[in-house]
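Peer 1: In UniProt numbering, the protein residues as written are 1 to 524.
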Amino acid sequence: MAEAKPEEISHPPMEQLQGFEYCIDSNPPWGEAIILAFQHYILALGTAVMIPAVLVPMMGGDDGDRVRVVQTLLFVTGINTLLQSLFGTRLPTVIGGSYAFVIPIVAIIQDSSLAPIPDGHERFLETMRAIQGALIVSSSIQIILGYSQLWGIFSRFFSPVGMAPVVALLGFGLFERGFPVVGRCVEVGLPMLILFVVLSQYLKNVQIKDIPILERFSLFICIALVWAYAQILTSGGAYKNSTEVTQINCRTDRANLISSAPWIKIPYPLQWGAPTFNAGQSFGMVSAVLVSLIESTASYKAAARLASATPPPAHILSRGIGWQGIGILLDGLFGTGTGSTVSVENVGLLGSTRIGSRRVIQISAGFMIFFSMLGKFGALFASIPFTIFAAVYCVLFGLVAAVGLSFLQFTNMNSMRNLFIVGVSIFLGLSVPEYFFRYTMAAQRGPAHTKAGWFNDYINTIFSSPPTVGLIVAVFLDNTLETKGAANDRGLPWWARFRSFKGDSRNEEFYSLPFNLNRFFPPA
Numbered sequence: 001m002a003e004a005k006p007e008e009i010s011h012p013p014m015e016q017l018q019g020f021e022y023c024i025d026s027n028p029p030w031g032e033a034i035i036l037a038f039q040h041y042i043l044a045l046g047t048a049v050m051i052p053a054v055l056v057p058m059m060g061g062d063d064g065d066r067v068r069v070v071q072t073l074l075f076v077t078g079i080n081t082l083l084q085s086l087f088g089t090r091l092p093t094v095i096g097g098s099y100a101f102v103i104p105i106v107a108i109i110q111d112s113s114l115a116p117i118p119d120g121h122e123r124f125l126e127t128m129r130a131i132q133g134a135l136i137v138s139s140s141i142q143i144i145l146g147y148s149q150l151w152g153i154f155s156r157f158f159s160p161v162g163m164a165p166v167v168a169l170l171g172f173g174l175f176e177r178g179f180p181v182v183g184r185c186v187e188v189g190l191p192m193l194i195l196f197v198v199l200s201q202y203l204k205n206v207q208i209k210d211i212p213i214l215e216r217f218s219l220f221i222c223i224a225l226v227w228a229y230a231q232i233l234t235s236g237g238a239y240k241n242s243t244e245v246t247q248i249n250c251r252t253d254r255a256n257l258i259s260s261a262p263w264i265k266i267p268y269p270l271q272w273g274a275p276t277f278n279a280g281q282s283f284g285m286v287s288a289v290l291v292s293l294i295e296s297t298a299s300y301k302a303a304a305r306l307a308s309a310t311p312p313p314a315h316i317l318s319r320g321i322g323w324q325g326i327g328i329l330l331d332g333l334f335g336t337g338t339g340s341t342v343s344v345e346n347v348g349l350l351g352s353t354r355i356g357s358r359r360v361i362q363i364s365a366g367f368m369i370f371f372s373m374l375g376k377f378g379a380l381f382a383s384i385p386f387t388i389f390a391a392v393y394c395v396l397f398g399l400v401a402a403v404g405l406s407f408l409q410f411t412n413m414n415s416m417r418n419l420f421i422v423g424v425s426i427f428l429g430l431s432v433p434e435y436f437f438r439y440t441m442a443a444q445r446g447p448a449h450t451k452a453g454w455f456n457d458y459i460n461t462i463f464s465s466p467p468t469v470g471l472i473v474a475v476f477l478d479n480t481l482e483t484k485g486a487a488n489d490r491g492l493p494w495w496a497r498f499r500s501f502k503g504d505s506r507n508e509e510f511y512s513l514p515f516n517l518n519r520f521f522p523p524a
């Protein structure tokens with residue numbers, strides 16, 4: 001047998017992923033684009049429903065309050081997604097609610113000035129106003145770091161070997177929202193997981209009129225089929241004698257969203273009343289804003305790769321962070337009950353469908369705004385059991401994690417230095433947040449519990465985020481450990497030309513502002 005040639009047993013590094021029929025600046029036909037956009041809208045519902053479902057009852061709100069918060073969060077998600085895709089990074093990303101804000105928000109809910117309020121609705125309103133004030137103040141951090149280009153300057157310390165673990169942890173770190181949730185209703189979640197894998201991967205070459213419908217529309221098809229199956233189980237009385245936890249996770253009629261939703265309701269700024277401001281609460285919220293910044297940076301790197309675009313230059317990254325800060329400001333003004341970040345699951349869907357078109361995401365933003373105003377129709381789709389979303393997350397989060405690992409192709413992974421950095425940062429990025437999670441579940445408070453509440457929020461929020469821990473470890477080690485003569489091993493020769501807007505001719509094609517606005521805001 002002839003000896004294999006080196007080029008036959010290795011794969012040269014590729015700056016852009018192959019096999020995408022539509023990349024960031026190419027558009028599928030309108031019919032396909034609308035269905036693809038509706039998939040992104042359906043996927044965004046998971047987070048838009050889950051965060052208010054957890055926080056609103058803790059705030060004292062009822063089902064009507066929860067529906068209004070879901071509508072508001074979805075409405076602002078649509079606005080922020082449009083702003084980001086038009087004037088921010090211009091990547092095909094959905095800017096939705098963030099779990100990173102849960103810890104400081106829970107601290108506000110438990111504040112001694114709010115918790116004793118006897119009337120539930122009054123407590124909900126007062127708590128929402130306090131959350132709004134903290135979001136409005138803390139949003140200035142991202143606005144300043146973004147528009148001053150400070151975050152772009154800091155990003156010059158990034159390299160492929162440093163960012164690969166961070167992007168990978170963006171997906172791996174969300175494992176708690178995957179199969180552990182599927183297992184709560186395995187008779188619904190497991191069929192969804194298997195069906196989604198079979199249709200999107202094994203049957204992806206099935207075509208109708210030259211369109212691979214199962215690859216591109218598998219999410220829509222699977223959710224429709226399994227949702228109908230879950231409805232049959234619910235209507236047939238399969239959960240009549242089940243435990244409360246099983247009914248919440250399996251039944252299609254336990255959300256109480258449809259009956260509580262108004263037919264038409266347009267969210268508007270200050271709808272809950274004038275925000276209240278507290279210095280300690282605002283300082284605590286800054287920690288979540290910083291985590292959101294880091295997680296979004298990793299998401300932009302992954303989205304650029306899955307949209308067949310070049311890595312976003314420092315100027316573009318800063319511009320996106322600035323607009324995301326404005327997004328958090330809008331969260332505070334409208335009262336969404338949480339802050340914003342890039343939706344990881346929607347980034348993963350770009351890879352699953354192999355469609356990285358910006359127009360698709362912009363259309364999906366239109367769906368979010370439209371259905372958030374038509375309360376009954378939006379609530380219908382929002383009543384999909386969360387177990388179904390968790391099954392999809394198992395695939396999409398894993399795909400995003402793999403995109404992060406793909407950055408290692410530009411580095412020398414035969415270097416013990418690089419192996420040490422990648423291994424330690426991924427392990428600590430998973431292990432440290434898991435410690436904080438288990439401690440919190442056992443003690444009902446985070447490991448940091450000093451008399452300074454804002455300090456507790458800082459420590460508990462930052463070290464509960466896998467990408468944030470990964471970035472702290474990876475970037476520190478990468479810039480301090482045996483750096484002399486390690487530029488090639490770190491992948492810097494490939495990375496360097498994407499640091500500036502003019503470093504690669506393709507950047508103008510992917511990231512230029514619309515309406516010829518670059519004349520007034522020239523990129524660096």
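All C-beta atoms in this analysis are idealised placements derived from N, C-alpha and C, irrespective of residue type, glycine included.
#1: Spatial neighbours of Gly375 within its chain, please: C-beta separation below 8 Å, excluding the five flanking residues on both sides.
#2: In its own chain, which residues sit with a C-beta less than 7 Å from the C-beta of Met1, not counting the 5 before and 5 after it?
#3: Could you pull the DSSP bridge partners for Ser340 from this structure?
#4: Checking 8 Å against the spacing of the C-beta atoms, do Ala373 and Tyr41 come in under that value?
#5: Taking only runs that begin and end inside the segment 19–104, name each unbroken beta strand (DSSP E) of 3 or more residues, in chain order.
#6: With a Cβ-Cβ cutoff of 8 Å, do Gly46 and Pro466 count as a contact?
#7: So, helix, strand or coil for Lys117, using DSSP?
#8: How many angstroms separate the CA atom of Ile326 from the CA atom of Ile143?
#9: Using DSSP with H/G/I as helix, E/B as strand and the rest coil, what is Met1?
#10: Please identify the residue among Tyr300, Arg506, Cys394, Gln271 whose C-alpha is closest to the C-alpha of Ala164.
#11: Count the C-beta pairs between the segment 144–162 and the segment 408–419 that are closer than 8 Å, then say yes if the count reaches three, no if not.
#12: Whole angstroms are fine: how far does the CA of Gly88 sit from the CA of Glu176?
#13: If you run the structure through DSSP and keep just helix, strand and coil, what is Ile384?
#14: Please state the DSSP three-state secondary structure of Ile264.
#15: Is it buried or exposed, Phe427, if we count other Cβ atoms within 10 angstroms and call 16 or more buried?
#16: Out of Glu482, Phe397, Ile355, His121, which one is the CA nearest neighbour of Met416?
#17: State the CB to CB distance for the pair Asn418 and Asp489, rounded to an integer number of angstroms; the pair is presumed to be in contact (CB under 8 Å).
#18: Count the other C-beta atoms from every protein chain shown that fall within 10 angstroms of the C-beta of Leu14, then say buried if there are 16 or more, exposed otherwise.
#19: For Thr341, collect the residues of the same chain with a Cβ closer than 6 Å to its Cβ; drop the 5 residues on either side in sequence, then sort them by chain order.
#20: Go through the segment 429–486 residue by residue and report every complete run of the alpha helix (DSSP H) that reaches 4 residues or more, in order.
#21: By the three-class DSSP mapping on this structure, what secondary structure does Asn518 have?
#22: For Thr387 and Leu73, I'd like the C-alpha separation in whole angstroms.
#23: Report the CB separation of Ile131 from Gly470 in whole angstroms; it is logged as a contact under 8 Å.
#24: Nearest to Gly171 by CA position, among Leu399, Arg499, Ile472, is which residue?
#25: Taking the alpha-carbon positions, what's the Leu59 to Gly31 distance?
#26: By the 10 Å Cβ neighbour count, where 16 or more other Cβ atoms means buried, how is residue 529 classified, buried or exposed?
#27: Can you confirm whether the segment 145–157 touches the segment 75–82 when touching is taken to mean that 3 or more C-beta pairs between the two stretches lie within less than 8 Å?
#28: Compare the C-alpha of Val226 against each of Leu203, Val360, Met192 and name the closest.
#29: Might you give, ordered along the chain, the residues of its own chain that have their beta carbon closer than 7 Å to the beta carbon of Phe179, omitting 5 neighbours on each side?
#30: Since Arg319 is in the alpha helix (DSSP H), which residue starts that stretch and which ends it?
#31: Taking the continuous alpha helix (DSSP H) assigned at Val197, which residues delimit it?
#32: Which same chain residues end up closer than 7 Å to Ile223 when comparing Cβ atoms and leaving out the 5 residues on each side of it in sequence?
#33: Throw me the rounded Cβ distance for the Tyr439 and Gly446 pair, which I believe falls under 8 Å.
Peer 2: Quick look at the numbers:
#1: As a working note, residue 375 is residue 375 in the sequence shown. Taken in chain order, the residues that qualify are Val67, Gln71, Ala261, Pro262, Trp263, Ile264, Lys265.
#2: Counting from 1 along the sequence shown, the entry for residue 1 is found at position 1. Any reading at Met1 is ruled out, since the residue's pLDDT is 49, under 50, leaving its predicted position unreliable.
#3: Within the sequence shown, the letter at position 340 stands for residue 340. Answer is Gly97.
#4: On the sequence shown, position 373 is the one that residue 373 refers to. On the sequence shown, position 41 is the one that residue 41 refers to. Sequence inspection shows Met at residue 373; the Ala mentioned does not correspond to that position. Their beta carbons are not under 8 Å apart, which means Met373 does not touch Tyr41 by this criterion.
#5: 95–97
#6: Looking up residue 46 in the sequence shown gives position 46. Looking up residue 466 in the sequence shown gives position 466. Against a cut-off of 8 Å, the Cβ pair of Pro466 and Gly46 comes out as no contact.
#7: For this step, residue 117 is matched to residue 117 along the sequence shown. The amino acid occupying residue 117 in the given sequence is Ile; Lys does not appear at that position. Ile117: coil per DSSP, three-state reduction.
#8: As a first step, residue 326 must be located in the sequence shown, where it is residue number 326. As a first step, residue 143 must be located in the sequence shown, where it is residue number 143. The straight-line gap from Cα to Cα measures roughly 7 Å.
#9: Residue 1 sits at position 1 when you count from the first residue of the sequence shown. Annotation note: pLDDT 49 at Met1 (below 50); position unreliable, coordinate value reported separately. Coil, per DSSP.
#10: Mapped onto the sequence shown, residue 164 falls at position 164. Residue Tyr300 is the option with its Cα nearest to Ala164.
#11: yes
#12: On the sequence shown, residue 176 is found 176 positions in, with the first residue counted as 1. On the sequence shown, residue 88 is found 88 positions in, with the first residue counted as 1. Roughly 30 Å separates the two Cα atoms.
#13: For this step, residue 384 is matched to residue 384 along the sequence shown. Coil.
#14: Numbered from 1 along the sequence shown, position 264 holds the residue referred to as residue 264. The answer is coil: DSSP assigns Ile264 none of H, G, I, E or B.
#15: Position 427 of the sequence shown, counted from the start, is the residue given in the question as residue 427. Counting Cβ neighbours within 10 Å, Phe427 comes out exposed, since fewer than 16 surround it.
#16: As a working mapping, residue 416 is identified with position 416 in the sequence shown. Nearest option by C-alpha distance: Glu482.
#17: Within the sequence shown, the letter at position 418 stands for residue 418. Within the sequence shown, the letter at position 489 stands for residue 489. The pair is a contact, with the Cβ atoms about 6 Å apart (cut-off 8 Å).
#18: Start at 1 with the first residue of the sequence shown, and residue 14 comes out as number 14. Contrary to the premise, residue 14 reads as Met rather than Leu in this sequence. Exposed, since its Cβ has fewer than 16 Cβ neighbours within 10 Å.
#19: Residue numbering aside, residue 341 sits at position 341 when the sequence shown is read from its first letter. Around Thr341: Ser98, Ser292, Glu295, Ser296.
#20: 453–462, 466–480
#21: Residue mapping note: residue 518 aligns to position 518 of the sequence shown, counting from 1. Looking at Asn518 - three-state DSSP - the assignment turns out to be helix.
#22: On the sequence shown, residue 387 is found 387 positions in, with the first residue counted as 1. On the sequence shown, residue 73 is found 73 positions in, with the first residue counted as 1. Looking at the two C-alpha atoms, the distance is approximately 21 Å.
#23: Residue mapping note: residue 131 aligns to position 131 of the sequence shown, counting from 1. Residue mapping note: residue 470 aligns to position 470 of the sequence shown, counting from 1. Their Cβ separation, rounded to whole angstroms, is 28 Å, which puts Ile131 and Gly470 out of contact at 8 Å.
#24: Here residue 171 refers to the residue found at position 171 when the sequence shown is read from its first residue. The option with the nearest alpha carbon to Gly171 is Leu399.
#25: Here residue 59 corresponds to residue number 59 of the sequence shown, with the count starting at 1. Here residue 31 corresponds to residue number 31 of the sequence shown, with the count starting at 1. It is worth fixing the name first, because residue 59 is Met in this sequence and not Leu. When rounded, the distance between both Cα atoms is 42 Å.
#26: An answer regarding residue 529 cannot be provided, because it is not within the stretch 1 to 524 covered by the chain.
#27: no
#28: The residue labelled residue 226 in the question sits at position 226 within the sequence shown. Val226 has its Cα closest to that of Met192, out of Leu203, Val360, Met192.
#29: Start at 1 with the first residue of the sequence shown, and residue 179 comes out as number 179. So the list reads Cys394, once near-sequence residues are dropped.
#30: Here the question's residue 319 lines up with position 319 in the sequence shown. Residues 314–334.
#31: Stepping through the sequence shown from its first residue, residue 197 is reached at position 197. Looking at the DSSP string, the run of the alpha helix (DSSP H) that includes Val197 is 186–197.
#32: Translated into the one-based positions of the sequence shown, residue 223 becomes position 223. Closer than 7 Å at Cβ, skipping near neighbours: Ile42, Ile384, Ile388.
#33: As a working mapping, residue 439 is identified with position 439 in the sequence shown. As a working mapping, residue 446 is identified with position 446 in the sequence shown. So it is a contact: roughly 7 Å between Cβ atoms.
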